[in-house]
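Note sheet for the following structure.
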Amino acid sequence: MAAAGEARGESVAAGVSQQASLVEQGSSAGLQLTPAARKARPSDLVALAEQVEKADDFVRANACNRLTVIAEQIRYLQEQARKVLEEANRDASLHHVACNFVKKPGNTYYLYQRNSGQRYFSMLSPKEWGASCPSKFLGAYKLQHDMSWTPSEETEKKDAELNVLEKLLSQQAALPPCSEPNFQGLTQ
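When we follow our numbering, the leftmost residue of the sequence shown carries the number 938, and every step to the right adds one.
Right, dumping it as structure tokens:
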């Protein structure tokens, strides 16, 4: 039975020699190895092979996990790019809408469509027009200082984001230079 185990260990060790590398035998820089240390037992080779195989599995799993994170980041960035392009198209379209006044950043304008299909901006909301509203109301948009347009239902959220950014910029400018980012006070 012991001979069968050793034979199996030797056959595993023989197959392992391609996967696991042993240190070349030769000069041991003045150190004398004991006879027991000169010849490895088959079970030692099996353990070495198992360790190498386990390390390979961990390296593969780690690489897969990291690649999965990168793939998720790529999907997120693709979605962000799609949103940026949609917003740029919307903003360009809104800047070409007919208008009889100079639009000023920070103001909300109301988009209407005539029966002829022409879209136009008005300073009057549907509420201000009342029952005499001459056209179909399409939506309200706030013109931002960067000349982008924010739909009225998103202005509160956008204004809150801009306030946080403004607070960040003003606090960072008032602080002495430091090597690490300082976000202190943003959540208060």
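Cβ coordinates follow ideal geometry from the N, Cα and C atoms, glycine included.
Checking the DSSP bridge columns, you'll see Trp-1086 partnered with Leu-1080. Between Tyr-1047 and Pro-1063, the C-beta gap is smaller than 9 Å, which places the two residues in contact. CA-to-CA, the gap between His-1082 and Asn-1044 works out to about 10 Å. If you compare the alpha carbons of Lys-1041, Thr-1005, Ala-1008 and Gln-1017 with that of Ser-1085, the shortest gap goes to Lys-1041. DSSP links Gln-1050 through a beta bridge to Arg-1056 and Lys-1073. Only buried fits Ser-1059, as 16 or more other CB atoms lie within 10 angstroms of its CB.
Ranked by Cα distance from Ala-1077, the first of Tyr-1057, Asn-999 and Val-983 is Tyr-1057. Restricting attention to Asp-994, Val-1039, Ser-1072 and Gly-1067, the CA atom closest to the CA of Asn-1052 is found in Ser-1072. Between Thr-1092 and Lys-1079, the gap from beta carbon to beta carbon is short of 9 Å.
CA-CA distance, Arg-1027 to Leu-1075, rounds to 13 Å.
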